[in-house]
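Novice:
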């Protein structure tokens, strides 16, 4: 994973370099590649999350309806029967982010534009209850269904959270900041997790993918041998 191959930069060093270069070349064309920074995410204009009404830099809020419905099916004898099945539909989904600054204590702060980033947020709500959202239109429900309840979920990046950010430093909009890389395949990460946690999660995922690949290969060999023997 790319995270392991970057040294953490001090924001002041990044800003000083930017000022030095643009003093000679001007603004609007600056790009110095991928950088890694760590610090506190701040803004004077935080978002307010949909469900928990928490001040934040990012939120993802969903509501799922869990319900029972009667459906017909054909049994092994070809007879039509009715059974009750449980289903879940997402009836509301909202995700928002806002530009913010990273302050790492070095004496400067830098703007982060999180649009397009892979975001690791903190789950602050996962609650099943009987009440529907206030703006939910009941007429959209199936007439033969029975509502069991609603699951409210929300994940946020809180205001003033300690963050890990990996992205391209550029001044595309005339102001230097961390943005989504132009080059395809380059990572753009905004995470409440530490660098160590991100690397550990990536290595664990890779390990299980390898184990799964080996297992599928073994099963394939067994099936081939069984087919030949048969």
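Numbering (this note's numbering), first residue to last: 5 to 234. We put the CB at the ideal spot given by N, CA and C, even for glycine. Given the structure is predicted, the values throughout are model-derived calculations rather than measurements.
1) CB-CB under 6 Å to residue 168, same chain, minus the five flanking residues each way: which ones, in chain order?
2) Going by Cα to Cα distance, which pick from 63, 171, 202 is closest to residue 162?
3) Any idea what DSSP makes of residue 180, helix, strand or coil?
4) Mind listing, in chain order, the continuous beta strand (DSSP E) runs of no fewer than 3 residues lying wholly within the segment 76-159?
5) Please confirm if residue 59 has its CB atom under 8 Å from at least one CB of chain D.
6) From residue 160 to residue 80, what does the alpha carbon distance come to, in whole angstroms?
7) Look at the alpha carbon of residue 111 and the alpha carbon of residue 99, and state the distance between them as a whole number of angstroms.
8) Check residue 70 in the structure and name its three-state DSSP category.
9) For residue 24, which of helix, strand or coil comes out of DSSP?
10) Check whether the segment 7-18 and the segment 124-143 touch, using three or more Cβ-Cβ pairs below 8 Å as the test.
11) Would you mind giving the Cβ-Cβ distance between residue 61 and residue 104, rounded to the nearest angstrom? I have them listed as a contact below 8 Å.
12) Which residue marks the beginning of the beta strand (DSSP E) containing residue 40, and which one marks its end?
13) For the beta strand (DSSP E) that contains residue 168, what are its first and last residues?
14) Using only alpha-carbon positions, find the residue among 197, 76, 187 that is nearest to residue 174.
15) How would you label residue 121, buried or exposed, when you count the other beta carbons within 10 angstroms and need 16 or more for buried?
16) What does a CB cutoff of less than 6 Å around residue 3 pick up in its chain, not counting 5 residues either side in sequence?
17) If we ignore side chains and look at the alpha-carbon of each, how far apart do residue 211 and residue 23 end up?
18) State buried or exposed for residue 125, treating a residue as buried only when at least 16 other CB atoms are found within 10 Å of its CB.
19) Nearest by alpha-carbon distance to residue 172: which of 181, 165, 166 is it?
20) Would you decide whether residue 78 is buried or exposed? Buried here means 16 or more other CB atoms lie within 10 Å of its CB.
Specialist: Looking at the coordinates:
1) Taking the first residue of the chain shown as position 1, residue 168 is located at position 164. Counting only Cβ-Cβ distances below 6 Å, and skipping sequence neighbours, we find 42, 195, 199.
2) As a working note, residue 162 is residue 158 in the chain shown. Residue 162 has its Cα closest to that of 63, out of 63, 171, 202.
3) Taking the chain shown and counting its residues from 1, the one referred to as residue 180 is at position 176. Looking at residue 180 - three-state DSSP - the assignment turns out to be coil, as it is neither helix nor strand.
4) 84-101, 104-107, 113-116, 122-124, 126-133
5) Going by chain labels, chain D is absent from the structure shown, which holds only one protein chain.
6) What you label residue 160 is simply residue 156 of the chain shown in a count that begins at 1. What you label residue 80 is simply residue 76 of the chain shown in a count that begins at 1. One C-alpha to the other measures close to 49 Å.
7) Counted from its first residue, the chain shown places residue 111 at position 107. Counted from its first residue, the chain shown places residue 99 at position 95. Answer to the nearest angstrom: the Cα atoms are 32 Å apart.
8) Locating residue 70 in the chain shown gives position 66, counting from the first residue. In this structure, residue 70 counts as strand in the three-state DSSP scheme.
9) Against the chain shown, residue 24 aligns to sequence position 20. In this structure, residue 24 counts as helix in the three-state DSSP scheme.
10) no
11) Looking up residue 61 in the chain shown gives position 57. Looking up residue 104 in the chain shown gives position 100. Between residue 104 and residue 61 the Cβ distance is about 5 Å, and since that is below 8 Å, they are a contact.
12) The sequence position of residue 40 within the chain shown is 36, counting from 1. Counted as a single uninterrupted DSSP element, the beta strand (DSSP E) harbouring residue 40 occupies residues 35-46.
13) Taking the chain shown and counting its residues from 1, the one referred to as residue 168 is at position 164. Its beta strand (DSSP E) spans residues 166-174.
14) Residue mapping note: residue 174 aligns to position 170 of the chain shown, counting from 1. Ranked by how close their Cα comes to the Cα of residue 174, the residues 197, 76, 187 have 187 in first place.
15) Indexing the chain shown from 1 puts residue 121 at position 117. It is buried - the Cβ of residue 121 has at least 16 other Cβ atoms within 10 Å.
16) Lying outside 5 to 234, the shown extent of the chain, residue 3 is not represented and no answer is given.
17) Position 207 of the chain shown holds residue 211. Position 19 of the chain shown holds residue 23. Only weak support is given to the placement of residue 211: the predicted model assigns it a pLDDT of 43, under 50, and the question is left unresolved by the model.
18) The residue you call residue 125 lines up with position 121 of the chain shown. The residue is buried, with at least 16 neighbouring Cβ atoms inside 10 Å.
19) Translated into the one-based positions of the chain shown, residue 172 becomes position 168. Among 181, 165, 166, the Cα nearest to that of residue 172 is on 181.
20) Counted from its first residue, the chain shown places residue 78 at position 74. Exposed: under 16 other Cβ atoms inside 10 Å.
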